[in-house]
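Below is one structure; the comments refer to it alone.
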Amino acid sequence: MMTAETVGSAARFDPQLRIPRRPRLRRGLVVSAEADQVVVTGPPKKQLFRGRSATQMLPGLLDLLDGERTHDRLAAELGLPEEVVFKALSLLWTCGVVEEGPPGGPEREAVTDVDDRLADYLSRVGSATEVNPCWEEAAARLRTAEIEIFGDPALAELLRDELTGSMPVTLGTGDTPAEWATLAVWADAGGGGQDAAPGTGRHTLAEHCWDKGVPLLRLSVRGRRAALGPLVDPRTTPCLDCLTADDEDDDRTAVVGDHELAAALFARDVFAAVSRTTPTPLPMRWRLVDLETLGQRDTSSATRPGCPRCSVAEGPVVERAAPATRFEASVAMPPKEFADLKAHQMHYKPSNLALQRVSRTWPVAPAVELPPPDHARLNRADRDEPRDAARPGTDILSLLLSVTAGIRADNPDKVARWTASGGNIGSVTAYAAVRDVPGIAPGVYGYVASGHRLARLSSRADAVPGDRPFSIVLTGDFPKVARKYSAFALRIVLLDSGCAQATAREAAHALGVGFALRPRWDDDAIAAALGTNPDMEPVTAVIDLGDAT
Numbered sequence: 025m026m027t028a029e030t031v032g033s034a035a036r037f038d039p040q041l042r043i044p045r046r047p048r049l050r051r052g053l054v055v056s057a058e059a060d061q062v063v064v065t066g067p068p069k070k071q072l073f074r075g076r077s078a079t080q081m082l083p084g085l086l087d088l089l090d091g092e093r094t095h096d097r098l099a100a101e102l103g104l105p106e107e108v109v110f111k112a113l114s115l116l117w118t119c120g121v122v123e124e125g126p127p128g129g130p131e132r133e134a135v136t137d138v139d140d141r142l143a144d145y146l147s148r149v150g151s152a153t154e155v156n157p158c159w160e161e162a163a164a165r166l167r168t169a170e171i172e173i174f175g176d177p178a179l180a181e182l183l184r185d186e187l188t189g190s191m192p193v194t195l196g197t198g199d200t201p202a203e204w205a206t207l208a209v210w211a212d213a214g215g216g217g218q219d220a221a222p223g224t225g226r227h228t229l230a231e232h233c234w235d236k237g238v239p240l241l242r243l244s245v246r247g248r249r250a251a252l253g254p255l256v257d258p259r260t261t262p263c264l265d266c267l268t269a270d271d272e273d274d275d276r277t278a279v280v281g282d283h284e285l286a287a288a289l290f291a292r293d294v295f296a297a298v299s300r301t302t303p304t305p306l307p308m309r310w311r312l313v314d315l316e317t318l319g320q321r322d323t324s325s326a327t328r329p330g331c332p333r334c335s336v337a338e339g340p341v342v343e344r345a346a347p348a349t350r351f352e353a354s355v356a357m358p359p360k361e362f363a364d365l366k367a368h369q370m371h372y373k374p375s376n377l378a379l380q381r382v383s384r385t386w387p388v389a390p391a392v393e394l395p396p397p398d399h400a401r402l403n404r405a406d407r408d409e410p411r412d413a414a415r416p417g418t419d420i421l422s423l424l425l426s427v428t429a430g431i432r433a434d435n436p437d438k439v440a441r442w443t444a445s446g447g448n449i450g451s452v453t454a455y456a457a458v459r460d461v462p463g464i465a466p467g468v469y470g471y472v473a474s475g476h477r478l479a480r481l482s483s484r485a486d487a488v489p490g491d492r493p494f495s496i497v498l499t500g501d502f503p504k505v506a507r508k509y510s511a512f513a514l515r516i517v518l519l520d521s522g523c524a525q526a527t528a529r530e531a532a533h534a535l536g537v538g539f540a541l542r543p544r545w546d547d548d549a550i551a552a553a554l555g556t557n558p559d560m561e562p563v564t565a566v567i568d569l570g571d572a573t
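Taking the numbering used here, the leading residue of the sequence shown gets 25, the next gets one more, and so forth.
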């Protein structure tokens with residue numbers, strides 16, 4: 025449940041929350057005012073607004089949303105403070121109930137003859153991405169697109185029929201698109217695929233589009249498997265040969281209706297990519313669909329080293345990119361023009377906000393108190409004071425753990441951390457392997473960030489081998505981050521660890537404490553020492569501190 029107070033407060037400082045200045049009710053919605061709630065049906069998700077403010081204020085506010093009244097005028101007519109109206113509008117916009125008023129001048133005239141059913145759809149589902157402030161902008165995107173389809177004639181005609189009525193579509197002649205085309209499509213039914221000889225249709229089209237900077241989108245149907253992509257754009261993606269290097273054949277035989285189904289599914293993704301009204305994995309990923317079971321998965325690929333078209337690496341072309349490179353491609357952020365503002369709103373979901381306060385506490389482990397960290401010691405002006413760098417004490421350990429993985433302040437709205445954290449989730453978990461720190465018995469400890477204390481996990485100081493007074497081991501809480509970021513979570517975990525390592529290095533330097541990052545370690549041995557599962561909580565850094573003995 026999201027509240028007007030939360031969203032309204034965030035909208036005051038977050039530029040990506042674009043609250044309509046002249047709001048209007050989205051087309052195609054059904055609003056029902058009931059005794060204890062207001063129900064809105066028609067957006068991507070049914071919305072329920074409960075509470076006294078909803079039942080007393082919303083019906084009157086919704087009646088005034090005509091796309092002409094500004095916030096101050098709405099407040100005056102309702103007899104309410106403008107701040108209250110702004111918060112209500114912020115919540116309505118986040119829930120997909122309102123959009124910006126119609127554009128003026130030529131932009132408005134350009135979409136006056138849009139079919140009512142298409143206009144209703146563009147407006148009603150536009151909140152799925154919130155890319156278009158108003159449905160007219162989505163309609164303009166469709167109207168100005170020029171799509172030319174090449175390849176298998178039967179499949180091309182099916183695709184043209186699916187898209188006709190929503191955007192301009194023509195069947196291409198020859199092997200190159202016309203100069204006016206904004207998107208070329210290659211319809212591959214198995215006769216001009218990856219094994220086609222250079223100089224034939226697909227290769228000629230791909231080379232021409234790459235050289236001229238024309239985006240090229242492929243639909244491939246092999247057996248009973250359809251690939252709804254990739255999209256090839258020299259500004260942002262690898263070439264078609266690299267993207268399709270991992271294509272798989274399907275030994276099943278297509279049945280009646282398979283091509284029609286593939287064309288309809290592909291048309292949906294083309295419509296989404298052009299209009300930007302609904303989510304699509306394009307342009308960085310694309311869908312593979314089993315036409316028999318309708319099972320589907322997203323896929324991606326990366327530039328192959330040595331590719332003469334899109335690689336800067338010299339040498340022979342590698343058959344496929346390395347796994348790490350393919351992973352990076354699979355979670356890569358799309359270009360700015362494909363940014364999804366709706367995804368950004370997820371930062372303010374209560375379930376996601378709650379993640380910032382979730383951390384490990386080891387409740388049954390013996391607690392070891394740490395002295396309050398003296399952050400003033402990190403002031404650069406005080407670096408000339410003498411320090412006991414060879415044998416740091418609990419004060420040094422307390423300060424380093426605090427700034428590396430600790431909490432600076434916790435208020436009702438936000439947890440403030442000493443180190444940057446993706447989504448402010450705080451994925452870094454710190455452990456201390458203590459060997460020679462006066463005041464703390466040797467052993468392995470978990471750092472409880474929420475209480476700034478240690479939890480004693482083991483008395484075996486040698487479980488994490490080393491010859492420094494203590495080591496800090498950083499791990500990443502992958503499951504916690506994955507609850508919000510899904511497959512992108514691993515990148516967040518690694519980025520967070522990099523920030524924590526940089527902070528630890530700077531703090532150790534300011535304190536005059538020896539600092540050494542280990543270049544390699546035994547994941548299984550360290551995980552056993554910490555009592556963790558390396559698949560769920562990967563070790564991301566081992567830092568040795570103090571002078572070697």
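The C-beta atom is built at its ideal place from N, Cα and C for all residues, glycine as well. Computed from a predicted model, the values in this text were never measured in an experiment.
A straight line joining the alpha-carbon of L252 with that of A286 spans about 8 Å. Bounds of any beta strand (DSSP E) do not take in P347; it lies within the alpha helix (DSSP H) bounded by P347 to S354.
Note that the C-beta distance between A337 and P347 is not below 7 Å. Secondary-structure assignment with DSSP links W310 through a beta bridge to T323.
In this structure, the straight-line span from the alpha carbon of A565 to that of R477 is close to 21 Å. Counting only residues of its own chain and dropping the five nearest sequence neighbours on each side, L88 has a CB closer than 8 Å to the CB of L98, E101 and L102. Excluding residues up to 5 positions away in sequence, L183, E186 and L187 lie with their Cβ nearer than 8 Å to the Cβ of A291 in the same chain. Exclusion of the five residues before and after R432 leaves A440, R441 and W442 as the residues of its chain whose Cβ lies within less than 7 Å of its Cβ. If you draw a straight line from the Cα of S510 to the Cα of V279, it is about 35 Å long.
Residue pairing for Q71: DSSP places it in a beta bridge opposite V64. Going by DSSP, E160 is part of no beta strand (DSSP E) but of the alpha helix (DSSP H) stretching over W159 to T168. Below 8 Å, too few C-beta pairs join the stretch 105 to 124 and the stretch 136 to 145 to call them touching: fewer than three.
By a beta-carbon distance limit of 8 Å, L166 does not contact S151. Their separation comes to about 18 Å.
I420 and Y372 have their C-alpha atoms some 36 Å from each other.
Counting only residues of its own chain and dropping the five nearest sequence neighbours on each side, S474 has a CB closer than 6 Å to the CB of S383. Counting C-beta pairs with one atom in each stretch, the stretch 497 to 512 and the stretch 442 to 460 have three or more that are closer than 8 Å, which means they touch. With contacts defined as CB atoms closer than 7 Å, D568 and S495 qualify as a contacting pair.
Classified as buried, V256 has 16 or more neighbouring CB atoms from the shown chains inside 10 Å of its CB.
Restricting attention to G247, A205 and P201, the CA atom closest to the CA of T228 is found in P201. For S77, the enclosing alpha helix (DSSP H) begins and ends at R76 to L88. Between T301 and V149 the beta-carbon gap is near 6 Å, inside 8 Å, which marks them as a contact. The shortest CA-to-CA distance from V427 to any of D273, V355 and Y471 is the one to Y471. In this structure, P466 keeps its C-beta atom at 7 Å or more from the C-beta atom of A444. The beta carbon of F512 is closer than 8 Å to those of V355 in its chain, skipping five residues each way along the sequence.
Annotated three-state conformation of F174 is strand, per DSSP. As the crow flies, the alpha-carbon of V193 is around 8 Å from that of I173. For D212, the uninterrupted beta strand (DSSP E) segment begins and ends at L207 to D212. Nearest Cα to R248 within the set A532, P67, T261 and T277: T277. Check the Cα spacing between R515 and each of L424, A353 and V458: the tightest is with A353. For P503, the enclosing alpha helix (DSSP H) stretches over residues F502 to Y509. Within the stretch 239 to 320, the complete beta strand (DSSP E) runs of at least 3 residues fall at 240 to 246, 249 to 256 and 310 to 314.
For S299, the closest of S77, D520 and T153 by C-alpha to C-alpha distance is T153. The three-state reading of DSSP puts R46 in coil, since its state is none of H, G, I, E or B. Counting only runs of 4 or more residues that sit fully inside the stretch 450 to 519, the alpha helix (DSSP H) segments are 502 to 509, in chain order. R46 sits away from G84, with the two beta carbons spaced by 7 Å or more. The beta carbons of R480 and A389 sit about 6 Å from each other, so the pair counts as a contact at 8 Å.
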